[in-house]
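Add 3 to a position in the sequence shown, counting from 1, and you land on the number used in this note's numbering.
C-beta: ideal position from N, C-alpha, C; glycine also.
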Amino acid sequence: MNRSKLKRKYRKGLTLIELAVVVIILGALIALVYSNFKPGEISDDTAALKLKKDAYELQSHLERYAQRYGTYPSDEQGLEALVEKPTTGDVPEDWKPILTKKSAINDPWGTPYKLKRDTNGDIQLITMGKDKKEGGEGKNADFNILNEDEYLSDFRRK
């Protein structure tokens, strides 16, 4: 009887081994959950929605700029001319920002869209793709968000 009292007295908590096993299991679960939520990464569906929204909104803002100043920003001025007063090219004397947030001219991966004109003089808004670099293939490819034919299948407007 004396022996069972001693066992009960020392058996009030977890042993060191049991505690270590619990900590390892919790750590593995946290690592598993965290690996699925990488900061700064967005799903293809979310990217496709933002590309669609940006194409519509930025095209509208560029039209507004052209109505106000009689011309679109130059390729050199880029979309930054919608947010900040251009320092190059023809700068309107009465320039006022069309947009207030510089983040509004960024693609889903945080890189500013590039404003370019094609050989016909039509405006293009180019995203650098997921890798944020010129060139690339697949999801890293550069493409004009205003031309639905250039969208990758993953980023097609729905």
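Check: If you compare alpha carbons, which of D152, K117, G124 and K142 is closest to T74?; Outcome: G124
Check: Would you kindly report the start and end of the unbroken beta strand (DSSP E) that includes L128?; Outcome: I126 to T130
Check: Could you tell me the boundaries of the beta strand (DSSP E) in which K104 lies?; Outcome: K104 -> no beta strand (DSSP E), and no H or E assigned at all.
Check: Please classify L35 as buried or exposed, where buried requires at least 16 other C-beta atoms within 10 Å of its C-beta.; Outcome: exposed
Check: Which residue or residues does DSSP assign as beta-bridge partners of K119?; Outcome: Q127
Check: Mark I33 as exposed unless 16 or more other C-beta atoms lie within 10 angstroms of its C-beta, in which case mark it buried.; Outcome: exposed
Check: May I ask you to report which of helix, strand or coil DSSP gives N143?; Outcome: helix
Check: For R67, which residues in the same chain have their Cβ closer than 6 Å to its Cβ, ignoring the five residues on either side in sequence?; Outcome: I101
Check: Does the Cβ of A50 have 16 or more other Cβ atoms within 10 Å, making it buried, or fewer, making it exposed?; Outcome: buried
Check: Give every residue of the same chain whose Cβ lies closer than 7 Å to the Cβ of Q62, excluding the five residues on either side of it in the sequence, and list them in chain order.; Outcome: L149
Check: Taking K142 as the reference, which of W112, Y116 and R120 has the closest Cα?; Outcome: W112
Check: Suppose you measure from the CA of W98 to the CA of P115; what does that come to, to the nearest Å?; Outcome: 21 Å
Check: Which residue wins for smallest C-alpha separation from I108, given the options S77, K133 and H64?; Outcome: H64
Check: If distances are taken between C-alpha atoms only, which option among A58, L85, A31 and T18 comes closest to R71?; Outcome: L85
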